[in-house]
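Sequential numbering of the sequence shown, starting at 3, is according to my numbering. What follows is a set of notes on a single structure, which appears directly below.
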Amino acid sequence: MRDHDATTSGDGVDLRALPKALLHDHLDGGLRPATIVELAADADLDLPETDPERLAAWFAESADSGSLPAYL
3 MRDHDATTSG DGVDLRALPK ALLHDHLDGG LRPATIVELA ADADLDLPET
53 DPERLAAWFA ESADSGSLPA YL
């Protein structure tokens with residue numbers, strides 16, 4: 003039998019009041035391609051594509067390539 007609801011932990015802490023954190027995200031889904039292009043330019047980093055639409059296509063194709071090292 004439960005003595006707490008889904009909004010509290012077992013020790014009565016209100017989980018709704020706790021800060022939320024992103025624990026896991028994927029680069030190709032967590033940032034817009036345009037943001038990646040901007041950040042890379044600011045950091046003087048090379049990308050496989052500098053046009054956001056072409057970069058999005060590259061992410062989609064590379065994610066399906068079967069080669070994690072090539073994708074990374």
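The C-beta atom is built at its ideal place from N, Cα and C for all residues, glycine as well. Since we're looking at a predicted model, the values are computed, not measured.
Beta-ladder partner(s) of residue i, from DSSP
i: P10; result: According to the sequence shown, residue 10 is Thr rather than Pro. Answer by DSSP bridge pairing, in chain order: D16.
Under the three-state DSSP convention, the category residue i falls into
i: A23; result: coil
i: A45; result: coil
i: R34; result: coil
i: P50; result: coil
i: L67; result: Residue identity differs from the one stated: residue 67 is Ser in this sequence, not Leu. Of the three classes helix, strand and coil, the one that applies to S67 here is coil, per DSSP.
Extent of the continuous alpha helix (DSSP H) to which residue i belongs
i: L70; result: 70 to 73
Touching by the beta-carbon criterion (3+ pairs, under 8 Å), the region 52 to 61 and the region 31 to 42
Touching, yes, given that three or more Cβ pairs across the two stretches are closer than 8 Å.
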